[in-house]
Amino acid sequence: MRERGSATILALALLLMIVAVGLAVVAATQIVTARTRAVIAADAAALAAAPMTFPPLGVQTPLAAAIDFAAANGAVVTSCSCPVVDTFEPRSVEVEVRLATHVILVGDVAVSAVSRAEFVP
0 MRERGSATIL ALALLLMIVA VGLAVVAATQ IVTARTRAVI AADAAALAAA PMTFPPLGVQ
60 TPLAAAIDFA AANGAVVTSC SCPVVDTFEP RSVEVEVRLA THVILVGDVA VSAVSRAEFV
120 P
């Protein structure tokens with residue numbers, strides 16, 4: 000039996016497997032990076048909104064502050080629990096953001112993150 004050229008086929012199959020694994024690693028890295036960016040945007044939005052819940056410090060609404068900081072980080076606020084409280088009691092805000100990104104082999108993906116911040120006047 001002549002098996003001439005079988006090494007070429009095996010080498011090509013191995014090369015295709017390496018490329019497939021490489022593309023999968025790139026896709027996973029893009030998703031993890033997008034998730035990290037979403038967490039950063041949610042943290043920034045929550046930290047910006049928290050002081051705005053205290054009326055003397057509120058130069059804008061807590062929601063507006065959250066939207067501004069989320070947008071500065073490439074995300075969109077999907078929910079904001081940011082009640083304005085007139086007392087000197089501690090208060091918490093919770094902001095959820097969504098960040099859209101393009102992932103190789105998958106297409107457009109939206110990742111979400113939620114962050115909470117507390118403000119003590």
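Each residue of the sequence shown is one higher than the one before, starting from 0 at the first, in numbering that gives the first Met the number 0. Note that beta-carbon positions come from the ideal geometry of N, C-alpha and C, so glycine has one too. Please read these numbers as outputs of a predicted model, since none were measured by experiment.
Spatial distance of residue i from residue j (CA atoms)
i	j	result
residue 72	residue 18	32 Å
residue 87	residue 54	10 Å
residue 107	residue 3	44 Å
residue 179	residue 16	Shown here, the chain extends from 0 to 120; a query on residue 179 therefore has no answer.
residue 24	residue 13	16 Å
residue 26	residue 6	30 Å
residue 52	residue 32	31 Å
residue 84	residue 40	24 Å
residue 64	residue 102	29 Å
residue 62	residue 21	41 Å
residue 79	residue 116	11 Å
residue 44	residue 81	11 Å
residue 119	residue 93	15 Å
Span of the alpha helix (DSSP H) around residue i
i	result
residue 31	5 to 48
Secondary structure of residue i, DSSP reduced to three states
i	result
residue 118	strand
residue 86	coil
residue 74	coil
residue 62	helix
Residue i, buried or exposed, once every other Cβ within 10 Å from all chains shown has been counted against 16
i	result
residue 42	buried
residue 104	exposed
residue 28	exposed
residue 74	buried
residue 69	buried
Is the stretch 22 to 42 touching the stretch 101 to 119 in the sense that three or more CB pairs, one from each, lie closer than 8 Å?
yes
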